[in-house]
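Scroll down for the structure; my scribbles are underneath it.
Residue numbers (the working numbering), protein chains in the order written: chain W, 207 to 1087; chain B, 7 to 393.
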């Protein structure tokens, strides 16, 4: 009995042992219901399963059909179960014969019969046997060529249920690619080889590799990839081989050894391949030996240029053209910007500089980038963090590519602050007087020209004032140059202060020029002149010295005194001369007559230049006598006989000669001529010759004296050279030195005009003069002026005490001679003894001992032209010749 | 140890006369009954007073097993008197299913406060507790080295409320873990299913916790409607127990668990199961045939029997309510198969549950199972040196 049935019976059995049929029926009925339900569930599950399986099958078939390879499933009896569309397409000869249950061998026969398998033709049975043998293996793979020229790869694999899966892949393209690859490989212009990744042996090389390396193909195939490398690279090579998994270019350069032993630098492209089941690597080699050399050379050049860029003292910056961000800045630039380049690179000008400066730079750069201008050079002011405000000369330019497109913006900035300042200083100096700071002649001329131009339009009058200090030379001589300089500065200050609105310039020495632009002429000029003079009234106190300086002023007014610079200046000068001539400390306006005087002077100066050559100069000799009347010598005096004007007085032409350098030449001639004449005399009389102060400043005076003495043969003791005190003022020590050298030759030195100048006794102490000459002005006053008598007496007494002989000049009367005789004066000279005359006139004196018979007509009338011709300015230098 | 099934005597359960020890010696009483039988608490009080020293625990079921038979009309109970083994228990009431993991962890920690824990038997509310998380929490606390067995309380086909008694009258939301301490104690376990997978494997494409919405992009309810037919579909969730899912977790695809249908939510088209099923899990429908299910139950008993070095002194069977619903009058066969394997001399009770707790075969790591027959054996070594 069924266990369940037994349990139900047991459950239905009542306590009395009887079976309760109703209960039993219920239990059995429930069991039947359960069985029905279970069957229904089972049926439903089965139908659902079938549905699922069919769906899966359909899905599988769909999946099969989308596979690009031909697929076929065979059962354990090698009969077709399933295949995909592609499989059917690959074997069109099977046509409709392909069906479930078709035996594989039958299918093969059908295809064989069609001649599709060309390699099987004529040996079909053998072929079939081989194929079936392979089919029986657990897995197999082979390539099969078809009659159509296409290639199939046939892969078969046994399944766990004894069936098999067959895969057919069309590898025609692959085969073609292989062939192409071989062609590409063999004929590639790049050296290539293939090595075995396990043994590292080179298994093939292309023609180019043979040619490039110099190994024969046979030699190559006997080598490993280590053999063509230096031993030092082996380890790195092995490491690289182990990691060559993907296509890639080696990250470093390698060295390969050619057959001749040369090492070459190569770039390697390696690509892993599988060849006949072996892991191999295809290597393409680019010989970069030359390129590397070139690169290194380039690198060296670059470093060289970098060093230059880094070290030039000019700021150099480069920006990219898109956003104009800094990409290069040299050291000078860091200093200029006052920040390290890390804080500059990558930034724009807006990040670094204030708005206005930045805007300016950006605008310029935009102009360059647009191509409006290739280069902009300009000056810009920049506020730097450490060096304050700097003036820069910035040269901005675009560096363009081959198409003219800007690649970079280059900027070269030179700090020209100092240079500019120096230029300004030079310009200032060129136009200003260093001593007083006033504009100089150049500046004045420029200003005058500009003002003149304006006035030509407006016709507004203005004036030029030529100003000269009175007795500046004396002050200079007396107190020395430092005080003279101080005086000029003070004067300049007072001029500037006084001449408000006028343009004040120092022209040279003690000459000043003013331009008075006031149109109220001549009143304004006159007022100004007066004011200027008034400003000079107050004493100057200079370094402890108190002194006065008057001022002479000449004025020329535009347009009446001249319409051009030259005329205006000349006329102002002419007026100044007149002012000086008229007693100094005066203001004179130009008058046309003044112009004539000046022109005369200039003509005369020109004539003097040729006078010597033309023989117009000559010497007159004036006798010098002892107080008892004995003639002991002559003073040589220069005379100019002008062909047109007749005799020109020395007081007129000597200053002209001293103004130019003519005086040197003339003096030399005088000395030579006098000595030469004296030598010819029978009697050994002395000859006195005057020296000019100019001769002490220029030329070698002692040498000249010596040369003349040698040339002429005059004994030095007969020559007496006369100097005035003014020679000693100035470079006193030098002059004393020169005098000592001359005196050492035996030549006598006499002090001329004693009493008129400073008459400094210190001179008498500093140099042992051979004679003192009392000035004619004292002699002329003898008898009229007691003071003059006293001075003469004192001088003679002084000289006697010092044991220096005294000679009085300008002795014209007996009274004068008597006075002098009474006062024990040693010697005399003057009309009383004899006038200056050509030596011919004194032959009697030079040839024998002559006692002078006192002349009766003592006075020589003054030359009528002298008064007008003596230039006031020359007075201090005036000498009697 | 000594154990025996308590003898029903009228409404009461008594310690059979002639036993080698007295009721005072009993350490543990386990009892199972329908919700209706337990709800009043009278049965609990009766047992606690009858065995004053004993830890008394139990739960509501979907059918009780005693000896080789299944009964619905009476409570079953068994007493355990250990010689050396100490018993401690811990319980927690769970507020929400999300607390399940924490609850498991707390219980595990409570039990490991004492040394020598050798096995844990768990009874838990079958509807309010996420059994997966509960076991995971216990594993986390116990380190996965102590065998954990037990089951989720049931209320038969009602799926409304389940009760658990833990030293006090039965209550819903309760979980009790009973710890067995000492080197002499042995807990054997075996698990058998006997279900067969059928149909294609499907991937869970939308799920949340233990709810599945879609498989292979289609509503899960449609799948069940197709297999159940309209008649049985209307009987869900009870009829869903006939077709559990074999679930391969996406993170542990080699380990399969069976998940029974616990409910259907027509409002959102979801079905919920006896354990969490994440998106990506591979699931396959299962169905059972009477002979296979019974056979598997017998095998579970054999495994449990062989898993310890001592013969069993007692056995507790926890089988799934789903098996009973499917097998109907054939359910007795699986119980008979177990008893046959254990031997009639081993006292044996059990219950039909909403989830079985037992280590996965071949491991000590417990999991929550559905649709299985789980056999737990208890024994105690007489000589402690044997331990």
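Just so you know, even glycine gets a beta-carbon here, dropped at the ideal spot from N, CA and C.
Note that the structure is predicted; figures quoted are calculated from it, not measured.
Nearest neighbour of residue i, chosen from the options [CA to CA]
i                     : options                       : result
residue 989 (chain W) : W:1021, W:983 and W:876       : W:1021
residue 409 (chain W) : W:705, W:234 and W:489        : W:489
residue 825 (chain W) : W:893, W:772, W:812 and W:783 : W:893
residue 285 (chain B) : B:257, B:312, B:13 and B:163  : B:257
residue 77 (chain B)  : B:330, B:376, B:231 and B:378 : B:330
residue 362 (chain W) : W:353, W:354, W:347 and W:422 : W:347
residue 26 (chain B)  : B:7, B:337 and B:236          : B:7
residue 846 (chain W) : W:831, W:872 and W:397        : W:872
residue 247 (chain W) : B:333, B:185 and B:50         : B:333
residue 551 (chain W) : W:996, W:563 and W:529        : W:529
Min CB distance residue i to chain B below 8 angstroms
i                     : result
residue 525 (chain W) : no
residue 151 (chain W) : The displayed coordinates of chain W run from 207 to 1087. Any statement about residue 151 (chain W) would go beyond what the structure contains.
residue 215 (chain W) : no
residue 240 (chain W) : yes
residue 233 (chain W) : yes
residue 207 (chain W) : no
residue 531 (chain W) : no
residue 220 (chain W) : no
residue 228 (chain W) : no
residue 225 (chain W) : no
Residue i, DSSP secondary structure in three states
i                      : result
residue 691 (chain W)  : helix
residue 289 (chain W)  : strand
residue 20 (chain B)   : strand
residue 464 (chain W)  : coil
residue 1061 (chain W) : Because residue 1061 (chain W) carries a pLDDT of 43, less than 50, the predicted location of this residue cannot be relied on, and the following value inherits that uncertainty. Three-state result, residue 1061 (chain W): coil.
residue 635 (chain W)  : helix
residue 706 (chain W)  : coil
residue 376 (chain B)  : coil
residue 856 (chain W)  : helix
residue 764 (chain W)  : strand
residue 304 (chain B)  : helix
residue 578 (chain W)  : coil
residue 336 (chain B)  : helix
residue 609 (chain W)  : coil
residue 1092 (chain W) : Coverage of chain W is limited to positions 207 through 1087, which leaves residue 1092 (chain W) absent and any answer about it impossible.
C-beta neighbour in chain W for residue i, strict 8 angstroms
i                     : result
residue 356 (chain B) : no
residue 51 (chain B)  : no
residue 34 (chain B)  : no
So, does the segment 608-621 of chain W touch the segment 521-528 of chain W, judging by three or more C-beta pairs under 8 angstroms? yes
Between the segment 333-352 of chain B and chain W, which residues of the former have a C-beta closer than 9 angstroms to a C-beta of the latter? 333, 334, 335, 336, 338, 339 and 342
Would you say the segment 659-671 of chain W touches the segment 637-647 of chain W, given that touching needs at least three Cβ pairs under 8 angstroms? no
Counting only Cβ-Cβ distances shorter than 8 angstroms, please list the residues of the segment 257-271 of chain W near chain B, keeping chain order. 258 and 262
Short of 9 angstroms Cβ to Cβ, which residues in the segment 198-223 of chain B face chain W? 204, 205 and 206
With contact counted as at least three CB pairs below 8 angstroms, one residue from each stretch, are the segment 143-163 of chain B and the segment 215-227 of chain B in contact? no
Residues of the segment 175-199 of chain B with a CB closer than 9 angstroms to any CB of chain W: list them in chain order, please. none
Determine contact between the segment 799-814 of chain W and the segment 1016-1031 of chain W, defined as no fewer than three beta-carbon pairs at a distance below 8 angstroms. no
Residues of the segment 290-310 of chain B in Cβ contact with chain W at a cutoff of 7 angstroms, in chain order, please. 293
Output, in sequence order along the chain, the residues in the segment 225-237 of chain B whose CB is closer than 7 angstroms to any CB in chain W. 232, 233 and 235
Contact residues within the segment 242-267 of chain B, judged by C-beta distance below 8 angstroms to chain W: 248
If we count Cβ pairs, one from each stretch, closer than 8 angstroms, do we get three or more for the segment 75-89 of chain B versus the segment 19-35 of chain B? yes
For the segment 67-75 of chain B against the segment 103-112 of chain B, are there 3 or more C-beta pairs whose distance is under 8 angstroms? no
Assess contact between the segment 854-866 of chain W and the segment 877-891 of chain W, defined as three or more Cβ pairs (one per stretch) separated by less than 8 angstroms. Is contact present? no
Contact between the segment 279-287 of chain W and the segment 367-377 of chain W is defined here as three or more beta-carbon pairs at a separation below 8 angstroms; is this criterion met? yes
Indicate whether the contact test is met: 3 or more Cβ pairs, each with one atom in the segment 343-357 of chain B and one in the segment 317-325 of chain B, closer than 8 angstroms. yes
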